[in-house]
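Notes for the one structure printed next.
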Amino acid sequence: MVASRARIRKKLCPCQTISIDDKCRSKRNDAKTTIHSCYAMSAPERFDAVVVGAGPAGSTAARNLALDGASVLLVDRRRFPRPKPCGGGLTPKAYRQLDFDISDIVRARHAGTILRGAGVPPFTIGDPRAEVWMVDRVAFDLRLVDQAVAAGVTFHDGESVVSVTDGGHSRVTTSSGVYSARLVVAADGSESPIARARGLRKDRDRRVVVALEAEAPGRSMTSNGPVIDFDIPGGYAWIFPKNDLLNVGLGTFDANAFLSLRARLSAFVDRSGVVFDEAPKIVGHRIPYGGHREPLHAGNVILVGDAAGLADGLFAEGIAYAIRSGRLAAAEAGRFVRGETADLARYTRRIHGTLLRDLRAWRALGQLIYRWPGVSMRLLRVSSRARDVAALAIAGDRSLSKVWSS
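Going left to right, the sequence shown walks through residues 45 to 450 as our numbering numbers them.
Here it is, written out as structure tokens:
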């Protein structure tokens, strides 16, 4: 069942019995988003929580809150299913958090990855504990939304949030309606307008990975498996085979390399012997990485996933942290809407206590590798201990900080 079609109730004007798209008067607000006048005058629909953004963090938070008995609205500005720029690799620390089956949407499984570049001959690093599942993010994100809807979440896609007011009950105004909620979960991505409006993560623009990727049916003439290449200044490039699809891209922590990304991607495709059967769509995106102690809540708003800057500082892997933050957010939000706590500070403390040390370790490792890629690659190539540390950290059996200290 496709969630985006199964859950839609026809939206009617509160003051009439006709579709709002037919005859309802509308006006423009400062955000240049259409707001229907009759919605602004009507009593808002009430929910315990409104979750803004239906990526892995938002869908997870919404589902877990609904399973805990809360009434939840999940809203996303895009129509689902929607494309999502992402390499699409799920590490064990991501998929082991899921309590439902996704085997039918896993396109490939890889227990080994070829590392190359930085003047070091290519070598393979692999471990069954660190098997990576390749998925199409369109299908993966839709599966998460389906699971949320099955748990009782109300899902509105194609609906942009215009404003969120402060107060005991936030008034959430969207392009299609007005809602009241005890709590708002901001899962609205790396740019997070809600976080900006609340004065959270003020220096986010200095802590991003800039990525560019291409995906289409194709093949690599130099490798049948995943490839990570460290010949990108301040970053890395990748080839992720997904059976008949090939995802190729690069990411850099070096802001000075931004303008040359497209040329570097083209050069990487050529030297890797990548052949696309059709012209791929090239998509760029920004990924905020974490490891910084900062508040992730303000009043009755909490940040999750990319909105909270929760990606690692090595490969910008964020899905595992998105799911984890969604689960933690749901637990604390549940306590809040039940009146068991008067604020959400415990959510920030739990993120700091469970994820911050790991994200700091990944950031430190990334700084080390990208400053001295040749030395780092040689160490991985000759040291079984270093490869074992990498496997344990990728698998998520133990956090990177604990693996290092053992």
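All residues carry an ideal CB built from backbone N, CA and C; glycine is no exception.
Nearest in C-alpha terms to Val176, of all of Asp273, Arg308, Ile326 and Ala364, is Ala364. Look at the beta carbons and you see the segment 300-308 not touching the segment 209-219: under three pairs across the two are nearer than 8 Å. Asp356 counts as buried, since at least 16 other C-beta atoms from the protein chains shown sit within 10 angstroms of its C-beta.
For Asn268, the three-state secondary structure derived from DSSP is coil.
In this structure, the alpha-carbon of Arg160 lies about 40 Å from that of Val96. Between the alpha carbons of Leu400 and Val253 lies a gap of roughly 18 Å. Restricting attention to beta strand (DSSP E) runs no shorter than 3 residues, the segment 185-247 encloses them at 198-201, 205-208, 214-218 and 222-230, ordered along the chain. Contact between Ala225 and Ser214 is confirmed by a C-beta separation of about 5 Å, below the 8 Å threshold.
Leu403 and Leu227 have their C-alpha atoms spaced approximately 27 Å apart. Going by beta carbons, Thr157 and Ile272 fall inside the 7 Å limit. In the structure shown, Glu257 adopts extended strand secondary structure according to DSSP, grouped into three states. If you look at Pro129, you'll find it isn't in any beta strand (DSSP E); DSSP assigns it neither H nor E. A straight-line Cα-Cα distance of about 17 Å links Phe312 and Phe297. Annotation for Asn108: the continuous alpha helix (DSSP H) segment containing it runs Pro100 to Leu111. One thing to note: Ala435 has its Cβ within 7 Å of the Cβ of Ala174. In the same chain as Leu188, and ignoring 5 residues on each side of it, the C-beta atoms closer than 7 Å to its own belong to Pro100, Ser103 and Thr104, in chain order. DSSP, reduced to helix, strand and coil, places Pro339 outside both helices and strands of the structure shown, so it counts as coil. With fewer than 16 other Cβ atoms inside 10 Å of its own Cβ, Glu322 counts as exposed. Counting of Cβ neighbours within 10 angstroms places Glu235 among the exposed residues, the total staying below 16. Take the alpha-carbon of Ala374 and the one of Leu290: they are about 35 Å apart. When the five nearest sequence neighbours on each side are left out, the beta carbons in the same chain lying within less than 6 Å of the beta carbon of Leu358 are those of Trp406, Leu409 and Gly410, in order along the chain. The continuous alpha helix (DSSP H) containing Leu423 extends over residues Pro417 to Val426. For Arg368, the CB contacts under 7 Å within the same chain, skipping 5 residues up- and downstream, are Gln141 and Leu399 in chain order.
Judged by their CB atoms, Arg107 and Ala239 are not nearer to each other than the 7 Å cut-off.
The beta-carbon separation of Tyr414 and Gly293, rounded to 17 Å, does not stay under the 8 Å limit for a contact.
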